[in-house]
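S.K.: Counting from 1 along the sequence shown, just add 42 to a position and that's the residue number in our numbering. The beta carbon of each residue, even a glycine, is placed where N, CA and C say it ideally should be. This is the structure, below, for whatever I ask next.
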Amino acid sequence: MKAKKTKRVGKVIRGSESPLTLNPSNLPLVLVLMGSKSDWEVMRSADQALQDFGVAHECRVVSAHRSPALAAQLASGAEARGIEVIIAAAGGAAHLAGVIAAHTTLPVLGVPMKSDALNGLDSLLATVQMPAGIPVGTLAIGKAGATNAGLLAVAILSLARPELRDRLKSFRREQEKKILATVLD
Ligand code: RP5
């Protein structure tokens with residue numbers, strides 16, 4: 043079955059591909075946040091990874107600096123909505139993941155965006171250098187980080203969902219097969 047896709051202003055909601063087994067309520071399990079619409083081209087990779095595994099999720103723009111009240115509200119209300127993992131991407135003075143983590147005990151995965159000024163090194167340091175007590179699991183800068191944030195969210199969810207774990211294992215097997223079958227000419 044094709045994943046359900048609903049578009050709203052500043053927000054994309056994807057339903058689970060097989061809600062009966064993975065997520066009976068079909069409510070979003072992962073919240074994918076980004077500081078600006080300019081992050082979306084990269085964060086589509088996180089969206090895609092979650093879609094590939096049929097994980098219901100919601101993607102939306104919220105800024106730690108430009109809309110701080112909404113950021114706090116989304117983070118503090120996430121658990122009650124059934125969200126289990128939050129992905130937060132930002133660039134430059136990339137405080138979004140840290141601010142989100144300050145308002146929830148859910149696991150928060152940070153994705154540093156490549157920036158014009160410092161190529162993403164600023165985003166990486168701002169995301170990764172959290173004070174002890176408020177963890178953010180920080181991924182690589184840019185697209186690889188976005189994809190891996192999606193995959194890591196799937197891995198976290200798979201701890202309590204054997205079907206998802208099986209899908210993750212088969213994804214790894216397929217990936218390995220492609221490497222082993224590589225021919226250089
Ligand atoms: C951050 O500033 C965003 O996450 C984005 O990566 C960066 C630039 O934002 P825009 O000026 O393009 O909106 O908050």
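1. Apart from the five residues just before and just after residue 142, which ones in its own chain have a Cβ nearer than 7 Å to its Cβ?
2. Less than 9 Å between the beta carbons of residue 89 and residue 132, yes or no?
3. Determine the direct distance from the alpha carbon of residue 134 to that of residue 193, and round the result to whole angstroms.
4. Specify, as a first and last residue, the run of the beta strand (DSSP E) that residue 155 falls within.
5. What did DSSP end up calling residue 244 once you bin it into helix, strand or coil?
6. Are there any heavy atoms of the ligand RP5 lying less than 8 Å away from the beta-carbon of residue 155, as far as the coordinates show?
7. Note the first and the last residue of the continuous beta strand (DSSP E) segment covering residue 56.
8. Around the C-beta of residue 157, are 16 or more other C-beta atoms found within 10 angstroms, so that it is buried, or is it exposed?
9. Please classify residue 167 as buried or exposed, where buried requires at least 16 neighbouring CB atoms within 10 angstroms.
10. In angstroms, rounded to a whole number, what distance separates the CA positions of residue 79 and residue 164?
11. Hey, would you say the C-beta of residue 163 is under 8 Å away from at least one heavy atom of the ligand RP5?
12. Please classify residue 107 as buried or exposed, where buried requires at least 16 neighbouring CB atoms within 10 angstroms.
13. Any heavy atom of the ligand RP5 closer than 8 Å to the Cβ of residue 184?
14. Counting Cβ pairs closer than 8 Å, one from the segment 91-106 and one from the segment 167-176, do we hit at least three?
15. Flag residue 29 as yes when its Cβ comes closer than 8 Å to any non-hydrogen atom of the ligand RP5, and as no otherwise.
16. Could you give the DSSP three-state label for residue 176: helix, strand or coil?
17. Can you have a look at residue 212 and say buried or exposed, based on whether 16 or more other CB atoms are within 10 angstroms of its CB?
M.R.: In terms of the structure at hand:
1. Walking along the sequence shown from the start, residue 142 turns up at place 100. Result list for residue 142: 75, 113, 117, 128, 130 and 150, in chain order.
2. Position 47 of the sequence shown, counted from the first residue, corresponds to residue 89. Position 90 of the sequence shown, counted from the first residue, corresponds to residue 132. Against a cut-off of 9 Å, the Cβ pair of residue 132 and residue 89 comes out as no contact.
3. Counted from its first residue, the sequence shown places residue 193 at position 151. Counted from its first residue, the sequence shown places residue 134 at position 92. In a straight line, the C-alpha of residue 193 is about 24 Å away from that of residue 134.
4. Reading the sequence shown from its first residue, position 113 is the one you call residue 155. First-last of the beta strand (DSSP E) with residue 155: 150-155.
5. Absent from the structure is residue 244, since the part of the chain shown begins at 43 and ends at 227.
6. As a working mapping, residue 155 is identified with position 113 in the sequence shown. Checking every heavy atom of the ligand RP5 against the Cβ of residue 155, one is found closer than 8 Å.
7. Your numbering for residue 56 matches position 14 in the sequence shown. Start and end: 53-56.
8. Here residue 157 is taken as the residue at index 115 of the sequence shown, counted from 1. The residue in question, residue 157, is buried, as its Cβ has 16 or more Cβ neighbours within 10 Å.
9. What you label residue 167 is simply residue 125 of the sequence shown in a count that begins at 1. Residue 167 is exposed by the Cβ-count criterion.
10. Reading the sequence shown from its first residue, position 37 is the one you call residue 79. Reading the sequence shown from its first residue, position 122 is the one you call residue 164. Those two C-alpha atoms are separated by around 19 Å.
11. The residue labelled residue 163 in the question sits at position 121 within the sequence shown. Result no, Cβ not under 8 Å from the ligand RP5.
12. In the sequence shown, the residue the question calls residue 107 occupies position 65. Exposed: under 16 other Cβ atoms inside 10 Å.
13. By 1-based counting over the sequence shown, the position of residue 184 is 142. No.
14. no
15. Outside the shown range of the chain, which is 43 to 227, sits residue 29, and nothing can be said about it.
16. Translated into positions along the sequence shown, residue 176 becomes position 134. Correct three-state label for residue 176: coil.
17. As a working note, residue 212 is residue 170 in the sequence shown. Per the 10 Å Cβ criterion, exposed.
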